[in-house]
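Asker: Below is a structure I'd like to ask you about.
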Amino acid sequence: MSNIDSTISNKEKVKVKTKKNRKIIQNWQLYIFILPALLYFIIFHYVPMYGIQIAFKDYVPSLGFLGSEWVGFKHFIRFFDSYYFWDLLKNTLGISVYELIVGFPLPIILALLLNEAKDGFYKRTVQTVTYAPHFISVVVISGMIIAFLSPTTGIINHIIGFFGLEPIAFMSDPAWFKTVYVLSGVWQSTGWGTIIYLAALSGVDPQQHEAAIVDGASRFQRIMYINIPTLVPTMVILLIMNLGNIMALGFEKILLLQNPLNMESSNVIATFVYQAGLLDAQYSFAAAVGLFNAVINAILLIVVNQIARKTSETSLW
Numbered sequence: 036m037s038n039i040d041s042t043i044s045n046k047e048k049v050k051v052k053t054k055k056n057r058k059i060i061q062n063w064q065l066y067i068f069i070l071p072a073l074l075y076f077i078i079f080h081y082v083p084m085y086g087i088q089i090a091f092k093d094y095v096p097s098l099g100f101l102g103s104e105w106v107g108f109k110h111f112i113r114f115f116d117s118y119y120f121w122d123l124l125k126n127t128l129g130i131s132v133y134e135l136i137v138g139f140p141l142p143i144i145l146a147l148l149l150n151e152a153k154d155g156f157y158k159r160t161v162q163t164v165t166y167a168p169h170f171i172s173v174v175v176i177s178g179m180i181i182a183f184l185s186p187t188t189g190i191i192n193h194i195i196g197f198f199g200l201e202p203i204a205f206m207s208d209p210a211w212f213k214t215v216y217v218l219s220g221v222w223q224s225t226g227w228g229t230i231i232y233l234a235a236l237s238g239v240d241p242q243q244h245e246a247a248i249v250d251g252a253s254r255f256q257r258i259m260y261i262n263i264p265t266l267v268p269t270m271v272i273l274l275i276m277n278l279g280n281i282m283a284l285g286f287e288k289i290l291l292l293q294n295p296l297n298m299e300s301s302n303v304i305a306t307f308v309y310q311a312g313l314l315d316a317q318y319s320f321a322a323a324v325g326l327f328n329a330v331i332n333a334i335l336l337i338v339v340n341q342i343a344r345k346t347s348e349t350s351l352w
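So, in structure tokens, the structure goes:
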């Protein structure tokens with residue numbers, strides 16, 4: 036009897052496999068379409084993972100990956116025991132959490148406001164003005180920030196001086212660095228971030244609003260009970276992704292705005308890895324720090340996704 040059951044199960048497996056192969060052949064154009072993206076991730080994200088092993092070795096370029104001496108967790112322990120570990124962690128988390136608290140709600144609010152505006156010149160102008168900063172390069176943005184905030188020639192300090200106040204050395208005072216970085220990032224990315232939420236709002240059935248108006252619901256009530264619930268799944272997905280990247284703070288703009296006077300607040304893990312790995316040629320140590328950063332991000336992503344899946348019906352997987 037067991038032989039008959041196993042024969043039947045094997046036949047079913049063959050049928051399922053044949054059906055899958057037939058579907059792949061029928062939809063070969065779709066697989067060709069995703070092939071460039073697949074190759075990109077394999078070549079630039081998975082193949083380089085072979086080099087992670089140098090985080091556990093005293094890497095010497097002349098000896099190569101395999102010839103270098105294995106030292107285990109030596110570089111990780113060195114980083115954890117260093118005097119700058121907590122400063123780097125505090126700065127990285129401080130900027131990331133600050134950016135999340137300020138920057139995450141603003142695209143949602145702007146999308147809700149734009150959705151309520153009538154189609155016309157005003158709406159198109161607001162969209163253009165808020166989207167435009169996204170297309171300015173980081174180098175240009177950093178140059179604008181430094182020029183505008185200069186204590187002698189900057190327009191911001193001229194405005195402050197107009198009201199009889201003393202100029203502020205924004206770029207030299209560590210206390211101002213996080214605020215300057217976060218607010219400039221919000222200005223650059225808020226308009227672009229609204230596109231996702233506007234796309235989600237476009238899926239709202241107009242009949243829901245019509246029924247709500249007939250029932251006497253105000254505009255604010257329709258936003259609260261129709262529009263916002265529609266945005267919740269999108270908000271949850273983006274929040275999971277943002278929290279999963281909370282340690283992966285991009286270093287380009289920080290590096291461009293960084294100077295010896297604000298180093299106390301601007302030195303984060305990403306800039307430290309750049310300094311240690313590329314400038315000081317401490318390849319193994321920099322790889323260990325970067326791997327630590329990536330592992331923490333992965334753990335946060337998994338944990339936050341599990342929490343979202345248990346508390347709501349929306350998650351990444």
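All the letters of the sequence shown, read from the start, carry residue numbers 36 to 352 under the numbering used here.
Ideal placement from N, C-alpha and C gives every residue a C-beta, glycine not left out.
Note that the coordinates shown come from a computational prediction; the quantities given were computed from them, not determined experimentally.
#1: Under the DSSP definition of a beta bridge, which residues are partnered with Glu104?
#2: Please determine, among Leu218, Asn328, Ala234 and Asn332, the residue with the shortest C-alpha to C-alpha distance to Phe111.
#3: From which residue to which residue does the alpha helix (DSSP H) around Tyr24 run?
#4: Closer than 8 Å by C-beta to Leu335: which residues in its own chain qualify, once you throw out the five before and the five after it? Chain order, please.
#5: Please go through the same chain and pick out, in chain order, the residues whose beta-carbon is closer than 7 Å to the beta-carbon of Tyr133, but skip the five residues on each side of it.
#6: Taking the alpha-carbon of Pro209 as reference, which of Thr53, Trp121 and Ile130 has the nearest alpha-carbon?
#7: Out of curiosity, what's the CA-to-CA distance linking Leu266 and Gln293?
#8: Do you know how far the Cα of Tyr157 is from the Cα of Glu245?
#9: In angstroms, rounded to a whole number, what distance separates the CA positions of Tyr119 and Pro202?
#10: Determine, using beta-carbon pairs with one atom in the stretch 183-193 and one in the stretch 167-174, whether at least three such pairs fall under 8 Å.
#11: Measure the CB-CB distance between Gly86 and Pro168 and report whether it falls below 9 Å.
#12: Return the chain-ordered list of same chain residues with a C-beta closer than 7 Å to the C-beta of Gln243, the five sequence neighbours on each side being excluded.
#13: Report yes if the CB atom of Tyr166 is closer than 9 Å to the CB atom of Tyr318, and no otherwise.
#14: For Tyr232, collect the residues of the same chain with a Cβ closer than 7 Å to its Cβ; drop the 5 residues on either side in sequence, then sort them by chain order.
#15: If I measure Cβ to Cβ from Gly102 and keep anything under 8 Å in the same chain, skipping five residues before and after, which residues do I get?
#16: Assuming Phe68 and Leu274 form a contact by the criterion Cβ under 8 Å, report the distance between their Cβ atoms to the nearest whole angstrom.
#17: Pull up the distance between the alpha-carbon of Asp250 and that of Glu348, whole angstroms please.
#18: Please classify Ile194: is it buried, with 16 or more other beta-carbons within 10 angstroms of its beta-carbon, or exposed?
#19: Given Trp211, which residues of its chain have a CB within under 6 Å of its CB, disregarding the five upstream and five downstream residues?
#20: Within 10 angstroms of its Cβ, does Phe307 collect 16 or more other Cβ (buried), or is it exposed?
#21: Here's the rule I'm using: 16 or more other beta-carbon atoms within 10 Å means buried, otherwise exposed. How should Ile92 be labelled?
#22: Can you tell me where the alpha helix (DSSP H) holding Leu70 begins and where it ends?
#23: To which residues of the same chain is Asn302 closer than 8 Å at the C-beta, ignoring the five residues directly before and after it?
#24: Can you tell which of Ala305, Gln162, Lys54 and Gly189 has its C-alpha closest to the C-alpha of Gln223?
#25: Suppose the cutoff is 6 Å on Cβ atoms and the five residues either side in sequence are ignored; what does the same chain contact list for Ile230 look like?
#26: Which of the three DSSP states is assigned to Asn192 in this structure?
#27: If you follow the alpha helix (DSSP H) that Ile261 is part of, which residue opens it and which one closes it?
#28: Return the first residue and the last residue of the alpha helix (DSSP H) that Asp122 is part of.
#29: Give every residue of the same chain whose Cβ lies closer than 7 Å to the Cβ of Ala343, excluding the five residues on either side of it in the sequence, and list them in chain order.
#30: Considering Asp116, what are the terminal residues of the alpha helix (DSSP H) in which it resides?
#31: Here's the rule I'm using: 16 or more other beta-carbon atoms within 10 Å means buried, otherwise exposed. How should Gly228 be labelled?
#32: For Gly178, which three-state DSSP category applies?
#33: Give me the Cα-Cα distance between Phe79 and Leu70, rounded to the nearest whole angstrom.
Answerer: This is what the structure gives:
#1: Locating residue 104 in the sequence shown gives position 69, where the first residue counts as 1. Looking at the DSSP assignment, Glu104 forms a beta bridge with Asp93.
#2: The count along the sequence shown starts at 1 and reaches residue 111 at position 76. Out of Leu218, Asn328, Ala234 and Asn332, Asn328 has the C-alpha closest to the C-alpha of Phe111.
#3: It is not possible to answer for residue 24, since the shown part of the chain is limited to 36 through 352.
#4: The residue labelled residue 335 in the question sits at position 300 within the sequence shown. Only Leu278, Gly279, Ile281 and Met282 meet the Cβ criterion.
#5: Here the question's residue 133 lines up with position 98 in the sequence shown. Contacts found: Lys213 and Val217.
#6: Here residue 209 refers to the residue found at position 174 when the sequence shown is read from its first residue. Nearest of Thr53, Trp121 and Ile130 to Pro209, Cα basis: Ile130.
#7: Position 231 of the sequence shown holds residue 266. Position 258 of the sequence shown holds residue 293. Their backbone Cα atoms lie some 37 Å apart in a straight line.
#8: The residue you call residue 245 lines up with position 210 of the sequence shown. The residue you call residue 157 lines up with position 122 of the sequence shown. Those two C-alpha atoms are separated by around 25 Å.
#9: Residue 119 sits at position 84 when you count from the first residue of the sequence shown. Residue 202 sits at position 167 when you count from the first residue of the sequence shown. So the alpha carbons of these two residues sit roughly 31 Å apart.
#10: no
#11: The residue you call residue 86 lines up with position 51 of the sequence shown. The residue you call residue 168 lines up with position 133 of the sequence shown. No, the Cβ-Cβ distance between Gly86 and Pro168 is not below 9 Å.
#12: Numbered from its first residue, the sequence shown carries residue 243 at position 208. The residues are Ile261.
#13: Reading the sequence shown from its first residue, position 131 is the one you call residue 166. Reading the sequence shown from its first residue, position 283 is the one you call residue 318. Contact flag unset, no.
#14: Here residue 232 refers to the residue found at position 197 of the sequence shown. Only Pro142, Ile143, Ala146, Leu266 and Thr269 meet the Cβ criterion.
#15: Reading the sequence shown from its first residue, position 67 is the one you call residue 102. Only Val95 meet the Cβ criterion.
#16: As a working mapping, residue 68 is identified with position 33 in the sequence shown. As a working mapping, residue 274 is identified with position 239 in the sequence shown. In fact, because the Cβ distance is near 30 Å, the residues do not count as touching under 8 Å.
#17: In the sequence shown, residue 250 corresponds to position 215, counting from 1. In the sequence shown, residue 348 corresponds to position 313, counting from 1. Whole-angstrom Cα-Cα distance: 29 Å.
#18: Along the sequence shown, one-based indexing puts residue 194 at 159. The residue in question, Ile194, is exposed, as its Cβ has fewer than 16 Cβ neighbours within 10 Å.
#19: Numbered from 1 along the sequence shown, position 176 holds the residue referred to as residue 211. Closer than 6 Å at the Cβ level, and outside the excluded window around Trp211, lie Phe205.
#20: Along the sequence shown, one-based indexing puts residue 307 at 272. Per the 10 Å Cβ criterion, buried.
#21: Within the sequence shown, the letter at position 57 stands for residue 92. Looking at the sequence itself, residue 92 is Lys, so the reference to Ile does not match. Buried is the call here.
#22: For the purposes of this step, residue 70 is identified with residue 35 of the sequence shown, where counting begins at 1. It spans Trp63 to Phe76 - the alpha helix (DSSP H) in which Leu70 sits, taken as one unbroken run.
#23: Counted from its first residue, the sequence shown places residue 302 at position 267. If we look at Asn302 and ignore the five residues flanking it on each side, its Cβ neighbours are Tyr119, Asp122, Leu123, Asn126 and Gln293.
#24: Here residue 223 corresponds to residue number 188 of the sequence shown, with the count starting at 1. Ranking Ala305, Gln162, Lys54 and Gly189 by Cα distance to Gln223 puts Gln162 first.
#25: On the sequence shown, residue 230 is found 195 positions in, with the first residue counted as 1. Closer than 6 Å at the Cβ level, and outside the excluded window around Ile230, lies no residue.
#26: Along the sequence shown, one-based indexing puts residue 192 at 157. Correct three-state label for Asn192: helix.
#27: Numbered from its first residue, the sequence shown carries residue 261 at position 226. Counting along the chain, Ile261 falls outside any alpha helix (DSSP H), and DSSP gives it neither H nor E.
#28: Start at 1 with the first residue of the sequence shown, and residue 122 comes out as number 87. Asp122 -> alpha helix (DSSP H) spans Phe120 to Gly138.
#29: On the sequence shown, residue 343 is found 308 positions in, with the first residue counted as 1. Taken in chain order, the residues that qualify are Val271, Ile275, Thr349 and Ser350.
#30: Start at 1 with the first residue of the sequence shown, and residue 116 comes out as number 81. Run containing Asp116: Lys109 to Asp116, per the alpha helix (DSSP H) assignment.
#31: Mapped onto the sequence shown, residue 228 falls at position 193. Gly228 should be labelled buried.
#32: What you label residue 178 is simply residue 143 of the sequence shown in a count that begins at 1. Gly178: helix per DSSP, three-state reduction.
#33: For this step, residue 79 is matched to residue 44 along the sequence shown. For this step, residue 70 is matched to residue 35 along the sequence shown. Going by the C-alpha atoms only, they are around 14 Å apart.
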